[in-house]
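The numbering of the sequence shown is my numbering, which starts it at 1 and goes up by one. Heads up, the beta-carbon is just placed ideally off N, CA and C, and yes, glycines get one too.
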Amino acid sequence: MNDEQLQQAVSLHQTGRLVEAEQLYLRWLDANPGHTDGMYFLAGLHHQRGKPKEAVRLFRLVLERDAGRAAAWLNLGVSHKALGDLEQAQECFGRAVALQPDLATAHFNLGVVLQERERHAQALQCFDRALGLRPEYAKAHSNRSTVLASMKRYEEALASAERAIALMPTYVEAHNNRGSALNRLNRLEEALQSYERALALAPANFDANCNRAQALSNLNRLEEAESSYQRALAVTPLHSDANWNQGITKLRLGRLETAWAQYEFRWKLQGAPPYRHGSMPQWHRDVPVAGRRVLVWYEQGLGDTLQFCRYVQLLAARGAQVVLEVQRPLKKLMQSLSGVAELLDDGEPARSGCDLQSPLLSLPMAFDTRLSTIPAEVPYLAAEPELVTLWRARLLDTGTKPRVGIACSGNPAHTNDSNRSIPLRAFAPLYERAQLYLLQNEVRAEDEAELLAGPVVDLRGMIHDFADTAAIVENLDLVISVDTSLVHLAGAMAKPVWILVPWLCDWRWMLERTDSPWYPSARLFRQPGPGRWDEVLAAVAAELAGPEAHQFARDPIDHSLPVIRS
Numbered sequence: 001m002n003d004e005q006l007q008q009a010v011s012l013h014q015t016g017r018l019v020e021a022e023q024l025y026l027r028w029l030d031a032n033p034g035h036t037d038g039m040y041f042l043a044g045l046h047h048q049r050g051k052p053k054e055a056v057r058l059f060r061l062v063l064e065r066d067a068g069r070a071a072a073w074l075n076l077g078v079s080h081k082a083l084g085d086l087e088q089a090q091e092c093f094g095r096a097v098a099l100q101p102d103l104a105t106a107h108f109n110l111g112v113v114l115q116e117r118e119r120h121a122q123a124l125q126c127f128d129r130a131l132g133l134r135p136e137y138a139k140a141h142s143n144r145s146t147v148l149a150s151m152k153r154y155e156e157a158l159a160s161a162e163r164a165i166a167l168m169p170t171y172v173e174a175h176n177n178r179g180s181a182l183n184r185l186n187r188l189e190e191a192l193q194s195y196e197r198a199l200a201l202a203p204a205n206f207d208a209n210c211n212r213a214q215a216l217s218n219l220n221r222l223e224e225a226e227s228s229y230q231r232a233l234a235v236t237p238l239h240s241d242a243n244w245n246q247g248i249t250k251l252r253l254g255r256l257e258t259a260w261a262q263y264e265f266r267w268k269l270q271g272a273p274p275y276r277h278g279s280m281p282q283w284h285r286d287v288p289v290a291g292r293r294v295l296v297w298y299e300q301g302l303g304d305t306l307q308f309c310r311y312v313q314l315l316a317a318r319g320a321q322v323v324l325e326v327q328r329p330l331k332k333l334m335q336s337l338s339g340v341a342e343l344l345d346d347g348e349p350a351r352s353g354c355d356l357q358s359p360l361l362s363l364p365m366a367f368d369t370r371l372s373t374i375p376a377e378v379p380y381l382a383a384e385p386e387l388v389t390l391w392r393a394r395l396l397d398t399g400t401k402p403r404v405g406i407a408c409s410g411n412p413a414h415t416n417d418s419n420r421s422i423p424l425r426a427f428a429p430l431y432e433r434a435q436l437y438l439l440q441n442e443v444r445a446e447d448e449a450e451l452l453a454g455p456v457v458d459l460r461g462m463i464h465d466f467a468d469t470a471a472i473v474e475n476l477d478l479v480i481s482v483d484t485s486l487v488h489l490a491g492a493m494a495k496p497v498w499i500l501v502p503w504l505c506d507w508r509w510m511l512e513r514t515d516s517p518w519y520p521s522a523r524l525f526r527q528p529g530p531g532r533w534d535e536v537l538a539a540v541a542a543e544l545a546g547p548e549a550h551q552f553a554r555d556p557i558d559h560s561l562p563v564i565r566s
């Protein structure tokens with residue numbers, strides 16, 4: 001075969017006639033073994049046809065003969081990336097850049113790999129170098145947007161996405177990235193428009209459908225969000241994040257019966273906690289448990305343990321000997337939970353082996369929990385009588401003014417903390433209506449001054465664990481709190497609890513309801529829109545001054561121990 005026949009193969013390749021091109025390349029290489037151009041073109045064709053291993057083999061052979069060929073290093077990196085070998089891909093792109101510093105695509109691809117390896121600052125430098133060489137490089141602008149968003153530089157991310165769109169109006173990923181930046185800037189309606197533009201260009205685009213669903217969820221348009229997740233899952237049925245998020249959406253809609261199976265995808269999410277007891281078989285609803293030891297173990301936050309420990313009683317009712325593992329601050333309190341054969345805290349071994357195990361939040365699915373079958377019998381937790389007596393004497397005598405426990409903030413690492421936590425000063429409308437007790441040990445810096453100057457009794461340093469908190473709550477007339485573990489404790493004890501629910505709320509508070517199917521003693525005071533806490537606290541203050549407030553009026557306390565003030 002002569003060079004003209006190689007050119008014919010290249011022409012077929014360029015026009016998309018890949019099968020014919022491959023046949024000609026192979027014939028050429030049979031006649032010209034080790035020909036670098038022939039191997040190079042065939043390697044590229046293998047990559048296009050979804051055979052990256054073959055591509056890697058041939059690109060390596062090319063580079064054995066011509067190690068200075070920057071384009072071969074670039075394409076070898078692309079094939080390694082397709083195989084998921086990011087470290088090798090990064091090395092190859094680095095070699096390409098070193099050999100040909102003006103090769104914009106090499107800088108771009110190096111940036112993509114660094115971005116996937118979460119080396120965002122280095123990735124940004126690569127995209128900037130690519131754009132320095134090719135200012136009109138739309139894909140580099142778009143990827144620059146994603147890495148800036150990862151660095152929480154959302155305004156810059158938006159500008160880069162919009163530059164990419166200006167250069168390539170039909171670039172779906174750029175519209176997606178614009179929407180993501182707008183979403184982070186809380187410009188939700190504009191974000192939704194960007195995702196819908198992406199879907200107009202590519203209706204089956206998985207990322208755009210998922211992102212649209214998330215934007216709709218943030219707008220509390222949950223029916224539409226659920227449908228958008230369904231369209232995404234039609235493309236990629238087993239995608240962990242999409243299944244998890246659709247499950248959460250169904251939980252918020254009260255469709256528990258179809259949500260729990262998708263809730264199990266939590267174990268496959270990036271950053272998921274370890275599945276700690278996988279050496280034992282997990283219990284499922286059809287497996288008999290009578291006379292068998294079943295380890296039920298905590299997996300999430302303190303509030304989740306307080307809410308879902310109720311299922312232990314259902315398991316014990318089937319004859320199981322339940323070994324319950326909880327976080328250490330809860331252990332003493334959990335001694336009041338019926339149905340527990342053995343109680344453990346973090347890392348504490350059981351007295352003897354267990355036959356089965358279950359993560360705590362897998363029990364609702366195992367018991368086929370529906371909205372109408374939530375086990376809502378309360379109280380299922382109680383304070384120790386001795387501690388109740390001790391704390392009764394310690395609390396401030398308020399005369400007839402009701403005593404109210406509050407929490408204004410929770411764990412700052414919580415994914416929804418920016419929406420749920422509020423300044424302590426937000427409780428000021430309640431100062432004249434009740435004596436407030438702060439029932440949290442961690443306080444934000446901005447709340448310290450309010451504690452010093454205001455009338456809220458600060459119990460920090462006196463609360464050692466949830467047994468203490470439960471004893472305090474038992475002595476109070478009411479708990480008013482943002483969405484933290486305190487509301488779950490009060491609800492589990494059947495104490496009146498008013499929950500301050502953010503506009504974008506956790507799934508368990510659902511939509512629009514002012515009650516909770518999980519806690520009969522709870523009332524929900526909802527934000528009418530994002531950030532509108534003043535209206536929530538005004539409504540709470542009005543209720544405390546209203547005709548129903550007499551239920552919280554009290555007789556003065558007869559103290560037998562010294563009063564401890566803040």
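Proximity to residue i [Cα-Cα], best of the options
i: P429; options: W533, P517, P379, L381; result: W533
i: G132; options: L103, R153, A157; result: L103
i: F206; options: A181, N176, N220, H488; result: N176
i: K152; options: E136, A121, V56, G319; result: A121
i: R351; options: A341, S358, L360; result: A341
i: S409; options: N441, A161, L42; result: N441
i: G84; options: L306, T236, V62, L114; result: L114
i: Q357; options: E377, R144, L324, V294; result: V294
i: L387; options: M462, S421, G347, L256; result: M462
i: H141; options: R117, N109, E118, R119; result: N109
i: G116; options: L6, P364, K81; result: The sequence shown places Glu at residue 116, rather than the Gly named in the question. Ranking the options by Cα distance to E116, first place goes to K81.
i: L363; options: C126, E257, G347; result: E257
i: R49; options: L29, G34, G16; result: G16
i: T415; options: E543, D483, L371, E136; result: D483
i: P274; options: L29, E299, P288; result: E299
i: Y195; options: S481, N411, V172, L486; result: V172
i: A542; options: R134, Y431, P502, G531; result: Y431
i: T400; options: Q551, E118, R163, F127; result: Q551
i: P528; options: A522, P502, P520; result: P502
Identity of the residues DSSP links to residue i by a beta bridge
i: D458; result: L438
i: A522; result: V497
i: S338; result: Looking at the DSSP assignment, S338 forms no beta bridge with any residue, so it has no partner.
i: G405; result: Y437, V479
i: Q321; result: R293
i: L344; result: E325
Residue i and residue j closer than 8 Å at C-beta
i: V536; j: L500; result: yes
i: H47; j: S79; result: yes
i: P385; j: M493; result: no
i: A191; j: A213; result: no
i: A181; j: S228; result: no
i: R252; j: L222; result: yes
i: L344; j: V323; result: yes
i: M39; j: L58; result: yes
i: W518; j: G491; result: yes
i: R276; j: A320; result: no
i: L361; j: W297; result: no
i: T249; j: A215; result: no
i: G179; j: N143; result: no
i: D355; j: R285; result: no
i: L99; j: A70; result: yes
i: L371; j: S336; result: no
i: N186; j: L199; result: no
i: L124; j: L148; result: yes
Distance cut-off 7 Å: residue i Cβ against heavy atoms of the ligand NAP
i: A140; result: The ligand NAP is not part of this structure, which contains no ligands at all.
Review point. Considering only residues of the region 244 to 301, which uninterrupted alpha helix (DSSP H) runs meet the minimum length of 4 residues and lie entirely inside it, listed in chain order?
Key: 256 to 263
Practice item. Please confirm if the region 305 to 317 is in contact with the region 260 to 273, defined as three or more CB-CB distances below 8 Å between the two stretches. Key: no
Exercise for review: Return the chain-ordered ranges of every alpha helix (DSSP H) run that is complete within the region 354 to 380 and spans a minimum of 4 residues.
Suggested key: 363 to 366
**Study point:** Sequence ranges, alpha helix (DSSP H) only - wholly within the region 115 to 151, length at least 4
**Key:** 120 to 133, 138 to 150
Exercise for review: Please go through the region 191 to 222 and give each complete alpha helix (DSSP H) segment of 4 or more residues, from N-terminal end onward.
Suggested key: 206 to 218
Point to revise | Inter-stretch contact at 8 Å, needing at least 3 Cβ pairs: the region 466 to 484 / the region 398 to 407 | key: yes
Point to revise | Whole beta strand (DSSP E) elements within the region 84 to 119, 3-residue minimum | key: none
**Study point:** Three CB pairs or more closer than 8 Å across the region 509 to 516 and the region 433 to 440
**Key:** no
Check your understanding: Is the region 371 to 378 close to the region 443 to 450, with three or more CB pairs under 8 Å?
Key -> no
**Study point:** Given 8 Å, three or more beta-carbon pairs between the region 328 to 337 and the region 465 to 472
**Key:** yes
Practice item. Can you check the region 50 to 89 for any alpha helix (DSSP H) of at least 4 residues that lies completely inside it and give the ranges in chain order? Key: 52 to 65, 70 to 82
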